[in-house]
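Written out below as structure tokens is the structure these notes cover.
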Amino acid sequence: SNVEKVVARRDVGGSDGSLEGAEWDPRDLLIRNGRGEALSLVHHGFELKRSPIKHVDYMDQAEVVNKYYKECEELLREATGASFVRAFDHNVRSTSGVAEGRKIRGGNFVQLPAAIVHGDYTMVSAPRRLADLGKPPKKNDALREVCGEEPLLPPEKVSAALSQGKRFAFINVWRNIRSEPVKSQPLACCDACTTSASDLLTFEIHYIDRIGENYFSRPSSQHRWWYFPEISRDEALLIKQWDSSGAFACGCDHDGEPSSTFALHSAFDDPSMPPDSPSRESIEVRLVVIYD
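This is the structure:
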């Protein structure tokens, strides 16, 4: 493929327009069952955690921001050992929810499961997003109503990470929000140790007031994919989106050792499940972690 960059425009409701510059190459892949395997956030870039919590109304922005964000922050403090963890954004995803035009009360529209292999940040956009979090919220920021014109993160924390080289990470907490286990469009993650820099191309997301970047990936026979069948809502999948101490972030061509930078991920159609399985409903919360 000669594609080096793909572009989409995202509106204030959180929805993307068409992708410009993409050449699609659908593939059938072997996706392994990760249950019982020693898959870790540190090396592989993702990890499943048992996480029974008091559930909130995930279709209510205020409940998610004021209650569920705290649950995610506590989960990551335990998982990473970092003292500073802050949730700052989230998406709810559901195929049926999109078909019905459902909107989160006080928030964005429900989104489709992202059935494309991607990573949420790049070498450019990860530090840029951290810098933005030290400024007043942008129009698409979930915490705009809570913070007003106050920065989402203390500027001195951001400065310590960007200017003084303190380690920082972006990690998503992904959760099934239905009472029954996930049976359609589960999430698969690629072992970070099997990703190389030559696999990656940049996906630009043009917001009204900023430009974000993700990584898309070219197919590779080296990629090793995993998923966790029938995730319940009392489990949480932690997915590293960027770690400034990861091998990629430090200039290596291959990721994973001694630490991963991120895990490529995608929703997929699971042929082992009945075709009339109920629509997956999930929430992913984005968190920033700054280490001492």
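If you count by our numbering, then the sequence shown holds residues 12 to 303, one letter each, in order.
Cβ atoms here follow ideal geometry from the backbone N, Cα and C, with glycine treated the same way.
- prompt: Candidates His54, Glu58, Glu295, Phe214: which alpha carbon is nearest tyrosine 226's?
  reply: Here the closest residue by C-alpha is Phe214.
- request: Compare the C-alpha of aspartate 254 against each of Thr272, Cys263, Gly267, Pro285 and name the closest.
  value: Closest option to aspartate 254, Cα to Cα, is Thr272.
- request: Throw me the rounded Cβ distance for the glycine 118 and glutamate 292 pair, which I believe falls under 8 Å.
  value: For glycine 118 against glutamate 292, the beta-carbon gap comes to about 15 Å, at or over 8 Å, which does not count as contact.
query: aspartate 106 and leucine 87: beta carbons closer than 8 Å?
result: It should be noted that the sequence gives threonine, not aspartate, for residue 106. No, the pair does not count as a contact, with Cβ atoms beyond the cut-off.
query: If leucine 67 sits next to lysine 81, beta carbons under 8 Å apart, how far is it from one beta carbon to the other, in whole angstroms?
result: First, the amino acid is wrong: residue 67 is valine here, not leucine. That belief does not hold up - the Cβ atoms of valine 67 and lysine 81 are roughly 10 Å apart, past 8 Å.
- request: Determine the DSSP secondary structure at tyrosine 80, reduced to helix, strand or coil.
  value: Of the three classes helix, strand and coil, the one that applies to tyrosine 80 here is helix, per DSSP.
task: Consult DSSP for lysine 146 and reduce its assignment to one of helix, strand or coil.
output: The DSSP-derived three-state label of lysine 146 is coil.
- prompt: Counting along the chain, where does the beta strand (DSSP E) carrying serine 228 start and finish?
  reply: Judged by DSSP secondary structure, serine 228 falls within the beta strand (DSSP E) whose first and last residues are 222–228.
message: So for threonine 91, helix, strand or coil by DSSP?
response: In the structure shown, threonine 91 sits in a helix (DSSP, three-state: H, G or I).
message: Tell me which residue opens and which closes the beta strand (DSSP E) that alanine 278 is part of.
response: Residues 276–278.
- prompt: In whole angstroms, what is the alpha-carbon distance linking phenylalanine 259 and arginine 235?
  reply: Our two residues, phenylalanine 259 and arginine 235, have alpha carbons roughly 17 Å apart in a direct line.
field: Residue from His276, His101, Met70 with nearest C-alpha to glutamate 84
entry: Of the candidates His276, His101, Met70, the one whose C-alpha sits nearest the C-alpha of glutamate 84 is His101.
- prompt: CA-CA distance, alanine 274 and phenylalanine 57?
  reply: One C-alpha to the other measures close to 7 Å.
query: If leucine 198 sits next to alanine 278, beta carbons under 8 Å apart, how far is it from one beta carbon to the other, in whole angstroms?
result: Yes, they are in contact, since the Cβ atoms of leucine 198 and alanine 278 sit about 6 Å apart, within 8 Å.
- prompt: Sorted by chain position, which residues of the same chain lie with C-beta nearer than 6 Å to aspartate 220's C-beta, five sequence neighbours on each side aside?
  reply: Counting only Cβ-Cβ distances below 6 Å, and skipping sequence neighbours, we find Lys149, Lys150.
- request: Could you tell me the distance, in whole angstroms, from the CA atom of methionine 284 to the CA atom of serine 243?
  value: For methionine 284 and serine 243, the gap between their C-alpha atoms comes out near 15 Å.
query: Mind checking aspartate 202: buried by the 16 CB within 10 Å criterion, or exposed?
result: Buried, by the Cβ-count rule.
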